[in-house]
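Colleague: Numbering-wise (our numbering), the sequence shown opens with residue 55 and increments by one.
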Amino acid sequence: PTLVIGGSGFVGEYFLYMSHRSHRLQQYLAPTHAELDITRRDSVLKYFLKLKPRYVINFAAYTNMDESEKERNQKDKKTWKTNYIGAKNIVRACRACNTFCIQISTDAVFPGTDEYPGPYCESDAQQKNGKGLNWYGYTKLKAEEEVKTLGKKFAIIRISHPFGNPQSERDLAKKTLRDIQAGHRLFADQLF
55 PTLVIGGSGF VGEYFLYMSH RSHRLQQYLA PTHAELDITR RDSVLKYFLK
105 LKPRYVINFA AYTNMDESEK ERNQKDKKTW KTNYIGAKNI VRACRACNTF
155 CIQISTDAVF PGTDEYPGPY CESDAQQKNG KGLNWYGYTK LKAEEEVKTL
205 GKKFAIIRIS HPFGNPQSER DLAKKTLRDI QAGHRLFADQ LF
C-alpha cells in the first residue's frame with residue numbers, strides 16, 4: 055500500500071479527491087491525525103512496521119507562515135514538531151521498512167532575497183544556515199535535509215501557491231479573486 059500522511063490538509067485532501075475521481079485510487083491509506091501522530095517517534099515506527107508501506111507521501115505540514123513566525127526558534131511548538139520532527143520520524147520509519155518517501159515541500163526553502171532572488175531550480179544550492187528564510191521555510195529545509203539521508207529512496211516535490219481546490223479559503227485563485235474584488239492592488243513583477 056501507499057501511505058498518505060496529511061491527507062486531510064489543503065493539498066493532501068485534494069490529491070486524494072483527484073485520485074479517487076480519476077479512478078486511479080490505488081491502495082492509499084490515509085490515517086487521521088488521531089490514528090497517526092507523526093510527532094511521536096514510536097507511534098510512527100509502530101504504524102509503519104504494522105503496515106509495511108511500499109511508498110509514503112508526506113503532505114503533513116504546519117503552513118500558517120504568520121503563526122509559524124511567532125514560534126521562531128521554539129522547538130517545542132507546532133511548526134518545528136510537525137514540519138521537522140514529523141518528517142524525521144517518517145524518515146526513520148521509512149529506513150526501517152525500506153519505504154520510498156515522497157516529501158511534499160515548498161519553494162519557501164529558498165530566501166527570495168536580493169542576494170539570492172531566484173527563480174530557483176531543483177539543483178540550486180540552499181543556504182544551510184537558513185539565512186533569509188522565515189521559520190516555516192527553515193523547518194521545511196531541515197525536513198528536506200532529513201529526507202535526503204535516505205539515499206536513493208526519496209523524492210522531494212516543492213510546490214508554491216497551491217490552487218485548484220476552490221472550496222478552500224486557502225486556494226490561491228480564490229484568495230486572488232477576493233483581493234481583486236476588494237480593490238487591492240496586485241503585484242505585476244512576480245512570476246511562479
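Note that beta-carbon positions come from the ideal geometry of N, C-alpha and C, so glycine has one too. These numbers come from a predicted model, not from an experiment.
Please classify Pro171 as buried or exposed, where buried requires at least 16 other C-beta atoms within 10 Å of its C-beta.
Modeller: For this step, residue 171 is matched to residue 117 along the sequence shown. Classification for Pro171: exposed.
Colleague: Quick one: what's Thr43 bridged to in DSSP?
Modeller: Shown here, the chain extends from 55 to 246; a query on residue 43 therefore has no answer.
Colleague: If you draw a straight line from the alpha carbon of Phe102 to that of Cys151, how long is it in whole angstroms?
Modeller: As a first step, residue 102 is located in the sequence shown; it is residue number 48 there, counting from the start. As a first step, residue 151 is located in the sequence shown; it is residue number 97 there, counting from the start. If I take the Cα positions, the gap works out to 7 Å.
Colleague: Using 8 Å for Cβ pairs, my map puts Val163 next to Ile111. What's the rounded Cβ distance?
Modeller: Counting from one through the sequence shown, the residue named residue 163 turns up at place 109. Counting from one through the sequence shown, the residue named residue 111 turns up at place 57. 18 Å between Cβ atoms; not a contact.
Colleague: From Glu123 to Thr56, what distance separates their C-alpha atoms?
Modeller: Your numbering for residue 123 matches position 69 in the sequence shown. Your numbering for residue 56 matches position 2 in the sequence shown. Their Cα atoms are separated by approximately 33 Å.
Colleague: So, is Gln128 buried or exposed, given that buried needs 16 or more other C-beta atoms within 10 angstroms?
Modeller: Walking along the sequence shown from the start, residue 128 turns up at place 74. Gln128 is classed as exposed because its beta carbon has fewer than 16 other beta carbons within 10 Å across all chains shown.
Colleague: Return helix, strand or coil for Gln157, following the three-state DSSP convention.
Modeller: For this step, residue 157 is matched to residue 103 along the sequence shown. Gln157: strand per DSSP, three-state reduction.
Colleague: CB Glu121 to CB Trp134, shorter than 8 Å?
Modeller: Reading the sequence shown from its first residue, position 67 is the one you call residue 121. Reading the sequence shown from its first residue, position 80 is the one you call residue 134. At the C-beta level, Glu121 and Trp134 stay beyond 8 Å of one another.
Colleague: I'd like to know if the stretch 142–158 and the stretch 171–189 are in contact, where contact means that at least 3 CB-CB pairs between them fall below 8 Å.
Modeller: no
Colleague: Pull up the CB-CB distance for Gly60 and Ala114, whole angstroms please, since I reckon it's below 8 Å.
Modeller: Your numbering for residue 60 matches position 6 in the sequence shown. Your numbering for residue 114 matches position 60 in the sequence shown. Between Ala114 and Gly60 the Cβ distance is about 3 Å, and since that is below 8 Å, they are a contact.
Colleague: Could you check the C-alpha separation between Asp233 and His215 for me, to the nearest Å?
Modeller: In the sequence shown, the residue the question calls residue 233 occupies position 179. In the sequence shown, the residue the question calls residue 215 occupies position 161. Roughly 15 Å separates the two Cα atoms.
Colleague: Tell me, to the nearest whole angstrom, how far the beta carbon of Thr93 is from that of Thr136; I am working on the premise that it is less than 8 Å.
Modeller: By one-based count along the sequence shown, residue 93 stands at place 39. By one-based count along the sequence shown, residue 136 stands at place 82. That belief holds up - the Cβ atoms of Thr93 and Thr136 are roughly 7 Å apart, short of 8 Å.
Colleague: According to the neighbour-count rule (16 or more other Cβ atoms, all chains shown, within 10 Å of its Cβ), is Ala84 buried or exposed?
Modeller: Numbered from 1 along the sequence shown, position 30 holds the residue referred to as residue 84. Counting Cβ neighbours within 10 Å, Ala84 comes out buried, since at least 16 surround it.
Colleague: What do you get for Leu231, buried or exposed, if any count of 16 or more other CB atoms within 10 angstroms of its CB means buried?
Modeller: Translated into positions along the sequence shown, residue 231 becomes position 177. Leu231 is exposed by the Cβ-count criterion.
Colleague: With 16 other CB atoms within 10 Å as the buried threshold, where does Thr86 fall?
Modeller: One-based indexing of the sequence shown puts residue 86 at position 32. It counts as exposed.
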